Amino acid sequence: MIRVFALTKRFGQTLAVDRLGFEVARGEVVGFLGPNGAGKTTTIRVLTGYHPATSGQATVDGFDVERQSLAARQRIGYLPENVPIYPELRVVEFLRYRAALKGVPPRQRTAAVERAMQKADVGEVARKLVGHVSRGFRQRVGLADALVANPPILILDEPTSGLDPNQRRRIKQVVRELAAEHTILFSSHILAEVQDVSTRILVIHRGTLRADGVPERLVAEAVGRRLCVAARCSQDALLALVREVAGTAAVPEPAPEGLGACSAVLQPGQDPTGALGERLLAAGIAVRELRLVAPTLEQYFAHITEGSDRAEELAAAGGAEVA
Amino acid sequence: MTAHRWAARVNLLLGSALMLAVWVLLVWTASRPALKTLIDLTPQQVNSVAPSTEALLRELREQKVAVEFHLFFPRPVGQPADEAMAQVLRIRGRLQELTRLLLRRYQWLGGESVAVFDYDLQSDIERTRAAALAFGYAGNEDAVVVAAAMPGRERRFRSLSLLSDLAELDLPGLRDPSGPAQAKVPTLKRYLGEVVLSSALKSLLVQGTPVAYLLRGYSRTLNTDNPTIGAAYGRFVAGLRNLGFDVRDLSFSREHAVPRDAALVIVLEPDLEFTDVDATALFDHVAGGGRLFLNYVHSPREGWGPTGGKLGELLGYELGQLPVFHLIPDPLRRTSGPGLDGNDAVARLQLQVSALHPVTRRLAQAGTPLEVGGARGLRERPGAPAGMRREPLLQTGPHAWLGRPGRDGYPDLKAPPANLLQPFLVGLAIEVDPKTPAGGPETAAPPKGQVVIVSGAFCNNSGIEAFGDLAYNVCNWMAERRVLMDIQSNQYAPRQMLLQTPQVERVRWLLFYGVPLGFLLAGLAVLYVRRRS
Amino acid sequence: MRGACTVFQKELLSYFVSPVSWIVAVVFYLWRGYELSSMAHYAMLVRADPDLFASATYTLPSTTAMVLLVPALLTMRCFAEERRTGSIELLATAPVRDGEVVLGKWAAATVFYALLWLPSCLLLHVLEYGPFLATDLSFGPVFAAYLGMFLLSAMLLAFGCFASSLTDNVLLAAMLAFLFDFGLVSLPAQVRANLGELAQHYYVRELLDKLDVGRNFDDWFARGLIDTSQVAFYAGGVLFFLFLCTASVASRRVA
């Protein structure tokens, strides 16, 4: 549905997006992740036709966003980051206007507006002036606007920004419901939401794509998984055993009297828990704790966005330096 | 991507330039004379020009004639002395405005061939002075100079006075010969701008050299060559030639008809009655739109004072035989008794001129007193024929008398008792309706015939000093009127609003209170409805 | 054209519900009411000619203010406000052509402006009746005059849209538009006065005539005459400035 190829956007001297390339297939819900200023909004604005790209290509449902702009825009329902509105119109009037602008035939307009209001759950403020509704409702009005022409693709830029946790939860619920009928690309810098809702994530940092895939798999394939062991033996014995089995140096962990605990950073794909467990059993040492700790998405995110590849830094997040 | 971007930018720039060109082209096309239209929504189309003017300007444009209108409208200085002066100022202002507007229409119709120059002595002294010099403008009154140059030919011009030539004023003074002439408040009766300007234009172009025929055979002592003898007419004839007239002799000895190319016929000092045939010939000339200038004088010789004869019958005038004299105005206002030189006889006649007729208007406004000798009384013949209009041109003041011949045959210069003093007419203008009907709706009706009859030695060598203006005026005016265009001039029927205070109060209530309040309430209502959800 | 109609309807609604519009209307009619009442009073004193009364309404200060100021005020928000609040993003990402958006906004401004003037024309008609002035004001010239003013204003409104698209500062847009309006009315006469001889050259003269909208109004429209070439000038002007506005809006897409 959405194809981006070597997209570059320069604002004067600043390079906002640098040779970005990704795809969004039909039916997917893709989370667009990145710190503030990473280039998410810029990319989205290029896709929706608000800004032209400096170079590269983007197509929406087969239509080039620059050369076949009108057709591309027709297929997108867009919720901008700051939800611009016309404060002097009522919600219904605003939505009717947007429906007309997007080419919804006059006879179907009322029904389309009703449907959109229902999906976005703004029915109770239908007759209020848009300028007078609360922040949360405004966001949902914007969402209703994106939905009103029933477009195949929804692009939502930070749909939960500025909302309280209840409102955020509601938006996520709506997005999940919409996923059944629309292809959705939404951006956020709140990782938990992205993880909850999307089938795939794209991570962008300083204008370049850093990761593209299903969250669990990404995390799983990343460096920095930790092995945590606690057993009834001495610290040193444990350290030596781990070093032997895992092949990496272990870091001692604080442990109650009589126990030894340590942790070690593993290579990607490395899983010595089975081997270690057997050794400990064979040695007759009671095992208190033997687990693999995957980094959280935050840690993963921090890792790839900070650009640091040193396992040690991650390990330091959990314990002491490895010698 | 970049190439596409640049192409798009260049496209926008080119598009803007193209749109500008389209705009210019659109305006240029709409300004082409063939497409230009002026839709007139005024009642009776008072602000449009006549079709004949349009046709004239179109013709000028096609022939590439360079037409110029030069406006010399000096700004009035000081405050008007009385109501009459104030009214004159107002009329001048209105006439200036009308003339400027009319010339804008001429410019609009004429396109490239018409240029209008509006001179302002205050702001552009040099240009104004140069133009004044070129056109002989003396700087004392509002003037419009019409100039035209056929391609390859020299520019010719005609100077017109705003108040005298381009307008018809109503000055009730002279119409009533019995009462003294008072300065009443003048009113603007008609604006003749279009008639006069178009005619002047046409006369500059159409006429080559006007031909003035001097009738021979009716004056036994007429000498038209000598420029020095007081009684001869050499200077007048030379003056006419200087003005561009082709002066020829006309004799009825062979053919009793006026040649068709005659702009006017001049008869100087006839001392015989016209024969019936010749009178008919002259009348036919006039009735066919021709011009006739008759200058009678008084002669002491017996039988040398024709009274009009057959021509008088046809045109409805007759002359007395006795000379007319007038008292020199006495500052002590004595109606009898010695004149200022101690003698109660006067030999010269002080005249009042018509302020209405184009020939004498300017003279009247100049206000210089005219004195002439050798005049005989003139009057409308009782039972004068219809189909013509007679208008007094020159008349004496109220203290005139007829000088009866004394024992020596010469008229007695002594004034009679006051009750026998009366005014006498010494100049008459007659306008004769054309006999021949117009050929069809397109052909212009032939102009009306014009006759000017004056009695007195106006244009002999001694009289021409003082009366040159009058004589040349007559001839010029007659020659020009030949090509007068048949245009209806705008009659002024000013309307007035007669309002009462309650009406004005109601207007105030409606417009100052009612309407704004209505808007205020409507606005508040809208605001309220919008807030309510 | 669908897009233009949609934008037109929404913009017109916005004008009607905006308090500023109503304030302008109240102020204008208050001022004008005062002027017309004074004129009626004066007409009573001098027994004025009714045609002069009607034509004097064109030269009132409120008329000049209305023609020069209000177009700038109406159009200042068109694009500048949208850029300021960010709602331009909604328009730019909607499937509607830039040209249609421009057309719709200009049409709404023009129609609203005409509606602001309409009561004034109707009142002149109402004044003809018995209780008020009880005079017949010849309507041909009045219609021609209002047509002339309206056409000029349409062109000024088009420029206002263009000025609004150049900046995101609403006041700056209003200033630009006002400067243009004022310049158009006062400069050509100055230029003509200073050019002297050159002003007689045919093409220069024609150009100055068309541009000197004030004099043109006095000589033609105010006298009941509709000069079709001047109408073409205004129509062309509208097209030109709307095109410039569209180009300015579209240039964002190629920036």
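Chains as they are written, first to last, in the working numbering: chain F, 1 to 323; chain H, 1001 to 1533; chain Y, 2001 to 2255.
The C-beta atom is built at its ideal place from N, Cα and C for all residues, glycine as well.
Fair warning: this is a prediction, and the values are worked out from it, not measured in the lab.
A check of alpha carbon separations from ALA179/F across ASP196/F, HIS189/F, ALA192/F identifies ASP196/F as the nearest. Within 9 Å of the CB of ARG1009/H, no CB atom of chain F is found; the nearest one sits about 11 Å away.
With contacts defined by Cβ atoms closer than 8 Å, VAL1297/H and ASN1473/H do not form a contacting pair. Secondary structure within the stretch 1363-1419 of chain H: the beta strand (DSSP E) runs of 3 or more consecutive residues, fully enclosed, are 1370-1372, 1376-1380, 1388-1396, 1400-1402 (chain order). Considering only beta carbons, the part of the stretch 46-64 of chain F lying closer than 8 Å to chain H consists of PRO52, ALA53, THR54, SER55, GLY56, GLN57, in chain order.
Annotation: PHE11/F is outside any alpha helix (DSSP H); the continuous beta strand (DSSP E) that includes it extends over 2-11.
Taking CB atoms only, ARG1100/H has no neighbour in chain F less than 8 Å away.
The three-state reading of DSSP puts GLN270/F in coil, since its state is none of H, G, I, E or B. Assigned with DSSP and collapsed to three states, ASN82/F falls in coil, not helix or strand. According to DSSP, HIS205/F shares a beta bridge with THR208/F. Cβ proximity to chain F below 7 Å picks out THR2085, GLY2086, SER2087, GLU2089 from the stretch 2074-2089 of chain Y.
Of the candidates TYR1317/H, ARG1190/H, ALA1522/H, the residue whose Cα lies closest to the Cα of GLY1309/H is TYR1317/H. For VAL1114/H, the enclosing beta strand (DSSP E) covers residues 1114-1119. At a cut-off of 8 Å between beta-carbon atoms, LEU95/F makes no contact with chain H.
Collapsing the DSSP output to three states places GLN1079/H in coil. Within its own chain, the residues whose Cβ lies closer than 7 Å to the Cβ of LEU1188/H, once the five positions on either side in sequence are excluded, are ILE1091, ARG1094, ALA1167, LEU1169, TYR1492, listed in chain order. If the five residues before and after PHE2217/Y are omitted, its C-beta is found closer than 8 Å to the C-beta atoms of TYR2058, ALA2145, GLY2148, MET2149, LEU2152, all from its own chain and listed in chain order. The Cβ atoms of LEU1057/H and GLY1193/H lie no closer than 8 Å to each other. Here ASN36/F carries a coil assignment [DSSP, helix/strand/coil]. Taken through DSSP and simplified to helix, strand or coil, GLY1093/H comes out as helix. Under the criterion of beta carbons closer than 8 Å, ALA1257/H and ALA1281/H qualify as touching, at roughly 5 Å. Going by beta carbons, ALA99/F and VAL130/F fall outside the 8 Å limit. Assigned with DSSP and collapsed to three states, THR48/F falls in helix. Closest in alpha carbon position to ILE76/F, among ASN36/F, ALA146/F, VAL242/F, is ALA146/F. At a cut-off of 8 Å between C-beta atoms, GLY123/F does not count as an interface residue with respect to chain Y. With a threshold of 8 Å between beta carbons, LYS2010/Y makes no contact with chain H. Counting only residues of its own chain and dropping the five nearest sequence neighbours on each side, VAL293/F has a CB closer than 6 Å to the CB of ARG226, CYS228. Taking a cut-off of 8 Å for Cβ pairs, the stretch 2220-2231 of chain Y and the stretch 2062-2082 of chain Y do not touch, as fewer than three such pairs fall below it. Only VAL125, ALA126, ARG127, LYS128, LEU129, HIS132 from the stretch 104-134 of chain F bring a Cβ to less than 9 Å from some Cβ of chain H.
Nearest CB-CB separation between ARG1104/H and chain Y: below the 8 Å threshold. Counting only Cβ-Cβ distances below 8 Å, THR2228/Y has contacts in chain H at ALA1030, LEU1035, LYS1036, THR1037, LEU1038, ILE1039, in chain order. In the DSSP assignment, SER188/F forms a beta bridge with LEU33/F. Here the C-alpha atom of TYR2234/Y lies approximately 53 Å from the C-alpha atom of ALA1262/H. Just so you know, the alpha carbons of VAL1237/H and MET1388/H end up roughly 30 Å apart.
Approximately 6 Å separates the beta-carbon atoms of LEU2090/Y and PRO84/F; this is inside 8 Å, confirming the contact. The beta-carbon separation of VAL287/F and LEU297/F, rounded to 29 Å, does not stay under the 8 Å limit for a contact.
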